[in-house]
Amino acid sequence: MCNLKSRINNLKLLPFLSILLLVSCDVRLRQTDAQLGLNSQQAAGRRIYDQYCDRCHAPYSSRGRQGPSMRGVFKNRYLSLSGLPANDERVAEIVRTGRGKMLGYSQVLNQQQIDDLLAYLHTL
17 MCNLKSRINN LKLLPFLSIL LLVSCDVRLR QTDAQLGLNS QQAAGRRIYD
67 QYCDRCHAPY SSRGRQGPSM RGVFKNRYLS LSGLPANDER VAEIVRTGRG
117 KMLGYSQVLN QQQIDDLLAY LHTL
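The numbering of the sequence shown is the numbering used here, which starts it at 17 and goes up by one.
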């Protein structure tokens, strides 16, 4: 009987603990392109980001994965790891040629796709 009472009390805490966990996370739930107010170029860039970048670079969290987070990448004057200027020219160069452990995507992405990706990165 005591064990059953303990399980029931634990089940009552589950919704509270779940909400607490969600609130304490530094990650936003995924929103649609429309919810984010993305135009067609930014939405295309988001699809590219999801396919090639997301596995190593978190878009909305301040915590990185294998690489640094892209949250606010263009809001800073310099890129966090390299110290290079945070501008379209430098970020596009890194996307094309790679840097450190990151491979370059010059053989995978064309200039329009890189421009779309940059447009999306400006929204983070």
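All residues carry an ideal CB built from backbone N, CA and C; glycine is no exception.
None of these values were measured; they are calculated from a predicted model.
Exposure of D66 is indicated by the presence of fewer than 16 other C-beta atoms within 10 angstroms of its C-beta.
Taking the Cβ atoms as the reference, V111 lies roughly 13 Å from A102, outside the contact range of under 8 Å.
Taken atom to atom, the span from the alpha-carbon of R106 to that of Y136 is near 16 Å. The straight-line gap separating the alpha-carbon atoms of Q128 and C69 is approximately 16 Å. With 16 or more other CB atoms across the displayed protein chains lying within 10 angstroms of its CB, Y121 is buried.
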